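Take a look at the structure set out below.
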Amino acid sequence: MSEAGIAVAVDALAAEKQRKFRIQAAAFMGLVGGISALFGFSRTLATAKKSDSKVLQQQGTRQGLILMDEGSTLALRALGWGTLYAVLGTGAFCYGVWKLSGAKDFEEFRLKMGNALPRITKDEPPKSRTDFDGLTDLMKYLAAWAKE
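In structure tokens:
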């Protein structure tokens, strides 16, 4: 095998390894995000049920407990549907923009969006004061600046 053939094989192997790494990284980030969202929703729901159950225990009626359970179930269903709509809507929007751009991979998409969107200019550091002792100092500075 020639040196060129070996170089091509090594490049192909490196590209495949990088592709697998990116898939693993995306799966890991998705898993971490999903677990975080699930934990956050669970904790919020548990806190809401705990604080509402204290109020209901003070009332002491069985009807109030039944209504609260139905309310939390309704809230949980609404949260689920809202999450589903948000994820599907955002995914559909991003997929549509991707397909409308005609890009075949992320690098090409990044270049097309970089050309289509306005450039972000680097801001020069301000030449005037940026730190003030208090609101009075700021107001005095603004009044003097307006007179100039």
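Residue numbers for the sequence shown follow our numbering, beginning at 43 and rising by one.
Just so it is clear, CB atoms sit at the ideal spot from N, CA and C, and this is done for glycine as well.
Since this is a predicted model, take the numbers as computed values, not measurements.
- [ ] Let me know the secondary structure DSSP gives Thr163 once reduced to three states.
- [x] Coil.
- [ ] Can you grab the Cα-Cα spacing for the pair Leu55 / Phe148, in whole Å?
- [x] So the two alpha carbons sit approximately 20 Å from each other.
Task: Residue nearest to Thr125 in terms of C-alpha spacing, selected from Val52, Gly82 and Pro167 - done: The shortest Cα separation from Thr125 among Val52, Gly82 and Pro167 belongs to Gly82.
Task: Cβ-Cβ distance between Leu118 and Leu87 below 8 Å - done: Cβ distance < 8 Å, so Leu118 and Leu87 count as in contact.
Task: Thr178: first and last residue of the uninterrupted alpha helix (DSSP H) it sits in - done: Residues Leu177 to Lys189.
Task: Alpha-carbon spacing of Thr191 relative to Leu142, whole angstroms - done: The question about residue 191 has no answer, for the chain in this structure spans 43 to 190.
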